[in-house]
Amino acid sequence: MSAEKMLPQIIKNMGVKLLLDKAHVPGIRFFETYRKEGGYQAVEKALKQMDPASIVEEVKKSGVRGRGGAGFPAGMKWSFIAKPEGVPRHLVCNADESEPGTFKDRYLMEFLPHLLIEGLIISSFALGSNDTYIYIRGEYAWIVDILEQAIDEAKAAGFLGKNILGTGFDCNIYVQRGAGAYICGEETALIESLEGKRGNPRIKPPFPAIEGLWKRPTVVNNVETLAAVVPIINMGGDEYAKIGVGRSTGTKLISACGNINKPGVYEIEMTLSVEEFLYSDEYCGGIANGKRLKACIPGGSSVPILPANLLLKTAKGETRLMNYESLSDGGFATGSMMGSGGFIVLDEDQCIVKNTYTLARFYRHESCGQCSPCREGTGWMEKILKNIDTGKGKMSDIDLLWDIQRKIEGNTICPLGDAAAWPVAAAIRHFRDEFEWHVNHPEEAQKRNYGLAHYADPIHVPA
Amino acid sequence: MSKFNDEQLKEFSRLVARYPEGKQKSALLPVLHLAQDSFGGWLSAETMDYVAEMLQISPIEVYEVATFYSMYNLKPIGKHLFEVCQTGPCMINGSDDIIEYIGTKLGIKPGETTTDGMFTLKTVECLGACGYAPMMQMGKHYQEHLTKEKIDAIIDECRKNAAANN
Numbered sequence: 368m369s370a371e372k373m374l375p376q377i378i379k380n381m382g383v384k385l386l387l388d389k390a391h392v393p394g395i396r397f398f399e400t401y402r403k404e405g406g407y408q409a410v411e412k413a414l415k416q417m418d419p420a421s422i423v424e425e426v427k428k429s430g431v432r433g434r435g436g437a438g439f440p441a442g443m444k445w446s447f448i449a450k451p452e453g454v455p456r457h458l459v460c461n462a463d464e465s466e467p468g469t470f471k472d473r474y475l476m477e478f479l480p481h482l483l484i485e486g487l488i489i490s491s492f493a494l495g496s497n498d499t500y501i502y503i504r505g506e507y508a509w510i511v512d513i514l515e516q517a518i519d520e521a522k523a524a525g526f527l528g529k530n531i532l533g534t535g536f537d538c539n540i541y542v543q544r545g546a547g548a549y550i551c552g553e554e555t556a557l558i559e560s561l562e563g564k565r566g567n568p569r570i571k572p573p574f575p576a577i578e579g580l581w582k583r584p585t586v587v588n589n590v591e592t593l594a595a596v597v598p599i600i601n602m603g604g605d606e607y608a609k610i611g612v613g614r615s616t617g618t619k620l621i622s623a624c625g626n627i628n629k630p631g632v633y634e635i636e637m638t639l640s641v642e643e644f645l646y647s648d649e650y651c652g653g654i655a656n657g658k659r660l661k662a663c664i665p666g667g668s669s670v671p672i673l674p675a676n677l678l679l680k681t682a683k684g685e686t687r688l689m690n691y692e693s694l695s696d697g698g699f700a701t702g703s704m705m706g707s708g709g710f711i712v713l714d715e716d717q718c719i720v721k722n723t724y725t726l727a728r729f730y731r732h733e734s735c736g737q738c739s740p741c742r743e744g745t746g747w748m749e750k751i752l753k754n755i756d757t758g759k760g761k762m763s764d765i766d767l768l769w770d771i772q773r774k775i776e777g778n779t780i781c782p783l784g785d786a787a788a789w790p791v792a793a794a795i796r797h798f799r800d801e802f803e804w805h806v807n808h809p810e811e812a813q814k815r816n817y818g819l820a821h822y823a824d825p826i827h828v829p830a
Numbered sequence: 002m003s004k005f006n007d008e009q010l011k012e013f014s015r016l017v018a019r020y021p022e023g024k025q026k027s028a029l030l031p032v033l034h035l036a037q038d039s040f041g042g043w044l045s046a047e048t049m050d051y052v053a054e055m056l057q058i059s060p061i062e063v064y065e066v067a068t069f070y071s072m073y074n075l076k077p078i079g080k081h082l083f084e085v086c087q088t089g090p091c092m093i094n095g096s097d098d099i100i101e102y103i104g105t106k107l108g109i110k111p112g113e114t115t116t117d118g119m120f121t122l123k124t125v126e127c128l129g130a131c132g133y134a135p136m137m138q139m140g141k142h143y144q145e146h147l148t149k150e151k152i153d154a155i156i157d158e159c160r161k162n163a164a165a166n167n
């Protein structure tokens, strides 16, 4: 483990791009250009030279982990799909990107729709899905048109529809719009929604791989995961796994936002240090307006927020890297998570209480209401945080908040409860004195922010 | 009561055809979007009953879905709906000021419609445009990197178009 962690510090990041390398080619959104640039070769290879089992094997070998946030190995998820005789199976692409700070799938679909379609055709073939659905958040309304045009183009070129490339494999892809519900990014809620119901997550088991859409075996994967199948097939799973480090193989899309000079979507190799990602001109370009870094939520709003002094280095004083293992180094005490790759940066002028309040409001708004700890708890947390933010908080509120989040975490059907609890817990864990300052200085806190305080001071590393 | 015209019926059939026999309820979300777009930007009880009839499901199955998802409007809205994001990443980039500016300029609070029926202001949670904050949704598209000047221009444009159409 430690040798693995030491290694990346001496590996030069080569800046390999597997997904976005052609994103800026004019016309790449359309079939003709995408094809000219080498597109759909992976479909030809997969359908003509490989069988479904060997495709699953390559995806397993690649080590690619679910890019929606959970990070579960995609090849393993595929291998769980049940194959009862005579029952159709389905692949569903999760394009319900809704985690605050995350806008990478949108970028991929807007600029490279054919990359996703290509990944979907191969994955549908591997899983035996003749009817594949893309469930996209309802607000991304214009992207539905982009995807449907790409599907029509692929169909006209013989890559979709009946008897694709003469192999006897039939596949159709449909785009389904959601209608504004974060919870539908949870795979069983997504399936419920696709069946025309409220997005209430199901109790697992049974898992979707056994009983999913219309009680049929179903695999739900994120947009980025399915797009990554294209380079995996083109280069082979073993080669893909050589990029990155440890169990963080391949490349990852990071959507960076907040108080930085260059917000946007970046494809990184997971050997890149957080410091380089944040400060180099190739990526975020540093903190905007010459200000100093106060805090960062590195993987979408539900992952723990870290103060500046725990972001760039771990508690052990090692360089923190942009990958699954390094971002979670130190557990929740001093680490965070890779999550969905939504990298939210807060400068010295930002108020942690206010930020936490807006996130608590978000999760209250998005709770489906099925489980009482989440339905009631998210409402309590929002109200208490609003009180503290507006100068009406009590010192005991901070302990009450801590108590509520503890009672939500782990006590709900789906992970939305955890997602709501973690940001509140981490904010209190690392910024408790800022909360106390709000309680003790209610009037001053309406006029100014707590500022950087000691949050960027170097941390003492025990020898 | 309004019914889908021929073109809307064609779209309805296209949507329902995506699902296996007997699973037409799966088309409910897209059909509600179609109904909302077709019948004045909101879903009345009559519209929901009509959708239930079209999909051969009970009205309650439509009501429970229409009330769950935030994009369905259950009361009339203005000609132009401003849905301004207020979640973390937009907040730290000044969305509070944008919401206040629009509210003051139009004389309405979030959730209200101007008396001339032109504009409705609504605050929403994260729409996935965090890198281009502050932002709002207007119909099918996003308006990003909002500033007061940009808001002025958008409102002027809406009014100009309305005047030209009168």
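Residue numbers (the working numbering), protein chains in the order written: chain A, 368 to 830; chain B, 2 to 167. Glycine residues also receive a C-beta, built at the ideal position from the N, C-alpha and C atoms.
Which whole-angstrom value is the C-beta distance of residue i and residue j, which I expect to be below 8 angstroms?
i	j	result
A:Gly-708	A:Lys-471	6 angstroms
A:Val-590	A:Ala-462	5 angstroms
B:Gly-89	A:Leu-726	5 angstroms
A:Gln-813	A:Gly-760	Incorrect: roughly 12 angstroms between the Cβ atoms, too far for contact.
A:Ile-672	A:Ala-793	5 angstroms
A:Gly-666	A:Met-704	5 angstroms
A:Gly-657	A:Lys-629	Not quite, the Cβ-Cβ distance comes to about 15 angstroms (not below 8 angstroms), so this is no contact.
A:Ala-655	A:Asp-714	7 angstroms
A:Thr-616	A:Gly-436	At roughly 17 angstroms, the Cβ-Cβ gap does not stay under 8 angstroms, so A:Thr-616 and A:Gly-436 are not in contact.
A:His-797	A:Pro-598	Between A:Pro-598 and A:His-797 the Cβ distance is about 37 angstroms, and since that is not below 8 angstroms, they are no contact.
So which of the options has the shortest CA-CA distance to residue i?
i	options	result
A:Tyr-502	A:Ala-523, A:Gly-495, A:Leu-494 and A:Met-476	A:Met-476
A:Gly-604	A:Leu-645, A:Gly-495, A:Lys-427 and A:Leu-660	A:Lys-427
A:Val-596	A:Gly-406, A:Cys-663 and A:Arg-731	A:Gly-406
A:Asn-601	A:Thr-555, A:Val-410, A:Val-712 and A:Asn-539	A:Val-410
A:His-732	A:Thr-723, A:Cys-738 and A:Arg-742	A:Arg-742
A:Pro-568	A:Ala-556, A:His-797, A:Gly-533 and A:Cys-663	A:Ala-556
A:Thr-701	A:Val-828, A:Glu-515 and A:Asn-722	A:Val-828
B:Ser-45	B:Pro-21, B:Ile-103, B:Lys-4 and B:Gly-95	B:Lys-4
A:Ala-786	A:Ala-523, A:Gly-525, A:Gly-706 and A:Glu-425	A:Gly-706
A:Gly-528	A:Cys-538, A:Asp-519 and A:Ile-422	A:Cys-538
A:Val-720	A:Asp-498, A:Val-806, A:Leu-767 and A:Lys-522	A:Val-806
B:Asn-74	B:Ile-156, B:Thr-114, B:Leu-147 and B:Asp-157	B:Thr-114
B:Tyr-133	A:Asp-800, A:Ile-627 and A:Thr-745	A:Ile-627
A:Leu-479	A:Leu-386, A:Pro-419, A:Ser-465 and A:Gly-453	A:Leu-386
B:Gly-95	B:Gly-23, B:His-146 and B:Met-139	B:His-146
Using a Cβ-Cβ cut-off of 7 angstroms (strictly less than) and excluding sequence neighbours within five positions of residue i, which residues of its own chain qualify?
i	result
B:Gln-9	Leu-35 and Ser-39
B:Ser-27	Tyr-20
A:Tyr-507	Arg-473
A:Tyr-401	Ile-395 and His-481
Within its chain, find whatever has a CB closer than 8 angstroms to the CB of residue i; leave out the 5 residues flanking it on each side and keep chain order.
i	result
A:Leu-580	His-457, Val-459, Tyr-500, Ile-558, Leu-561 and Glu-562
B:Ile-100	Val-85, Gln-87, Pro-111, Leu-122 and Thr-124
B:Val-32	Phe-13, Leu-16, Val-17, Val-52, Met-55 and Leu-56
A:Ile-826	Asn-676, Leu-677, Lys-680, Ala-682 and Gly-684
B:Asn-166	none
A:Pro-451	Pro-584
A:Pro-740	Lys-774, Ile-775, Asn-778, Thr-779 and Gly-784
A:Thr-576	According to the sequence as given, residue 576 of chain A is Ala; it is not Thr. Within the same chain, A:Ala-576 has close Cβ partners Lys-444, Phe-447, Ile-448, Ala-449, Pro-584, Thr-585 and Val-586.
Any idea what DSSP makes of residue i, helix, strand or coil?
i	result
B:Tyr-20	coil
A:Lys-526	A small fix is needed here, since residue 526 of chain A is Phe in this sequence, not Lys. DSSP places A:Phe-526 in coil when its eight states are reduced to three.
A:Gly-613	coil
B:Thr-124	strand
B:Asp-97	helix
A:Ala-462	strand
A:Cys-624	strand
B:Asn-74	coil
A:Ser-693	helix
A:Lys-384	coil
A:Glu-685	coil
A:Leu-670	With the sequence shown as reference, residue 670 of chain A is identified as Val, and Leu is not the correct amino acid for it. In this structure, A:Val-670 counts as coil in the three-state DSSP scheme.
A:Asp-716	coil
Starting from the beta carbon of residue i, find every residue of chain C whose beta carbon is closer than 7 angstroms, and list them in chain order.
i	result
A:Cys-624	Going by chain labels, chain C is absent from the structure shown, which instead holds the protein chains A and B.
Sorted by chain position, which residues of the same chain lie with C-beta nearer than 6 angstroms to residue i's C-beta, five sequence neighbours on each side aside?
i	result
A:Glu-642	Leu-679
A:Glu-749	Ala-727, Arg-728 and Arg-731
A:Gly-486	Leu-593, Ala-594, Val-596 and Val-597
Inset, instruction - List in chain order: all unbroken alpha helix (DSSP H) runs of 4+ residues lying wholly within the stretch 742-823 of chain A. - result: Counting only runs of 4 or more, we get 762-775, 783-807 and 811-814.
Legend entry - Continuous beta strand (DSSP E) assignments of at least 3 residues falling wholly in the stretch 4-70 of chain B: The qualifying runs do not exist here; there are none.
Inset, instruction - Return the chain-ordered ranges of every beta strand (DSSP E) run that is complete within the stretch 626-664 of chain A and spans a minimum of 3 residues. - result: Listed in chain order, the beta strand (DSSP E) elements of length 3 or more contained wholly in the stretch 626-664 of chain A are 631-636 and 660-664.
Legend entry - Length at least 4, wholly inside the stretch 415-486 of chain A: the alpha helix (DSSP H) runs in chain order: Correct list: 419-429, 441-446 and 471-478.
Inset, instruction - Taking only runs that begin and end inside the stretch 515-569 of chain A, name each unbroken beta strand (DSSP E) of 3 or more residues, in chain order. - result: For the stretch 515-569 of chain A, the continuous beta strand (DSSP E) assignments of 3+ residues that do not extend past its boundaries occur at 539-544, in sequence order.
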